[in-house]
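S.K.: Counting in this note's numbering, the sequence shown runs from 5 upward without gaps. By construction, the Cβ of each residue, glycine as well, lies at the ideal position given by its N, Cα and C atoms.
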Amino acid sequence: MANSVLLKSSDVAELLNVSIPAVQRLCREKKLPHYIIGNRYRFREDEILAFLESNHHVPDEGSNGRDEDG
5 MANSVLLKSS
15 DVAELLNVSI
25 PAVQRLCREK
35 KLPHYIIGNR
45 YRFREDEILA
55 FLESNHHVPD
65 EGSNGRDEDG
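#1: What are the boundary residues of the alpha helix (DSSP H) that residue 18 is part of?
#2: May I have the straight-line CA-CA distance separating residue 27 from residue 40, to the nearest angstrom?
#3: Under 6 Å Cβ to Cβ from residue 79, same chain only, skipping five residues before and after it: list those, please.
#4: Residue 36: which of 23, 62, 44, 51 sits nearest, CA to CA?
#5: May I ask you to report which of helix, strand or coil DSSP gives residue 10?
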């Protein structure tokens with residue numbers, strides 16, 4: 005972890021293309037790897053990139069690429 009870059013919620017929100025409250029919700033739901041320093045969420049860049057890779061979904065052929073909910 006010596007060379008790992010720590011990101012703020014705003015950085016992660018930008019990477020995931022979601023709002024800061026969405027990042028905070030994912031943390032509270034324990035769906036996003038994070039650390040709490042003081043009262044702030046911090047994220048290791050390598051863990052966020054791994055999270056993105058592990059949540060990569062390729063739509064089936066013939067689907068519109070969206071979840072059933074829309």
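M.R.: Based on what the coordinates show:
#1: Following the DSSP letters along the chain, one finds residue 18 inside the alpha helix (DSSP H) bounded by residues 13-20.
#2: Looking at the two C-alpha atoms, the distance is approximately 13 Å.
#3: In the structure displayed, the chain extends from 5 to 74; residue 79 sits before or after that span and is not available.
#4: The shortest C-alpha separation from residue 36 is found at 51.
#5: The answer is strand: DSSP assigns residue 10 an E or B state.
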